[in-house]
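Asker: Numbering (the numbering used here), first residue to last: 336 to 492. All C-beta atoms in this analysis are idealised placements derived from N, C-alpha and C, irrespective of residue type, glycine included. Below is one structure. I have some questions about it.
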Amino acid sequence: MEEARKVLKKLEYGVYLVSSGKGHTGNAFTASWVSQVSSEPPMVAIAVKSSHKSTAIIKEHGAFVVNLLKEEWTDVAKTYYGPAESGYDKLKHSFIQDSPATGTPIFEGVPGYLDCAVVNTIEAGNHTIFIGEVKASKLNDDIPILTTSNSKLHYEG
């Protein structure tokens with residue numbers, strides 16, 4: 336198992352902020368387990384630890400937003416890294432707006448986002464995989480984004 340962990344750490348991912356819920360009462364977390372899974376219609380999958388608050392919020396609201404991060408925003412990613420404990424409001428002081436299709440929070444100033452409605456949920460070990468159909472998206476800046484390599488942020492679950 337230790338050898339598998341070493342190999343899995345070599346897989347390259349983007350580093351994103353995934354937001355869920357509604358307004359400042361919603362939640363956000365740093366995610367790297369994000370992947371496109373369909374082009375027609377466009378869909379992405381995210382893996383979220385099943386015991387985390389965000390899993391329940393995404394299930395309840397049926398939507399999530401994948402917010403792209405600029406390559407130099409490692410500190411922003413670290414701000415939202417880790418689970419939200421009960422009573423811990425990660426979005427309370429964040430600059431957000433409602434996404435156009437699902438009303439899920441989008442972080443202001445991000446280079447781009449994918450606003451997704453959940454179309455399938457799969458339990459996978461200690462994580463839940465949410466497959467979301469992209470209902471709205473925007474690319475504000477075509478610039479390099481944060482990745483597991485350029486940020487040194489590696490999530491091992």
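Using a Cβ-Cβ cut-off of 8 Å (strictly less than) and excluding sequence neighbours within five positions of residue 421, which residues of its own chain qualify?
Answerer: A caution first: residue 421 carries a pLDDT of 48, below 50, which makes its placement in the model too unreliable to give a value.
Asker: Do residue 400 and residue 370 have their CB atoms nearer than 8 Å?
Answerer: No, these two residues do not count as a Cβ contact at 8 Å.
Asker: If you draw a straight line from the alpha carbon of residue 360 to that of residue 338, how long is it in whole angstroms?
Answerer: Rounded to the nearest angstrom, the two C-alpha atoms are 40 Å apart.
Asker: Using 8 Å as the threshold, is the C-beta distance between residue 364 and residue 353 below it?
Answerer: Contact: yes.
Asker: Using the Cα positions of residue 464 and residue 454, report the straight-line distance between them to the nearest angstrom.
Answerer: So the alpha carbons of these two residues sit roughly 11 Å apart.
Asker: Please identify the residue among 394, 375 and 483 whose C-alpha is closest to the C-alpha of residue 413.
Answerer: Cα-wise, what sits closest to residue 413 is 483.
Asker: Helix, strand or coil for residue 468 per DSSP?
Answerer: Looking at residue 468 - three-state DSSP - the assignment turns out to be strand.
Asker: CA-CA distance, residue 466 and residue 485?
Answerer: If I take the Cα positions, the gap works out to 26 Å.
Asker: Please report how far the alpha carbon of residue 415 lies from the alpha carbon of residue 425, in whole angstroms.
Answerer: Going from the Cα of residue 415 to the Cα of residue 425 covers about 7 Å.
Asker: Hey, would you say residue 446 sits closer than 8 Å to residue 476, going by beta carbons?
Answerer: The answer is yes: Cβ separation under 8 Å.
Asker: With distances taken Cα to Cα, identify the nearest neighbour of residue 375 among 450, 347, 437 and 469.
Answerer: Of 450, 347, 437 and 469, the residue nearest in Cα terms is 469.
Asker: Less than 7 Å between C-beta atoms, sequence neighbours within five positions excluded: which residues of the same chain meet that for residue 411?
Answerer: Closer than 7 Å at the Cβ level, and outside the excluded window around residue 411, lie 404.
Asker: I'd like to check one pair, residue 456 with residue 394: are the Cβ atoms closer than 8 Å?
Answerer: Yes, the pair counts as a contact, with Cβ atoms nearer than the cut-off.
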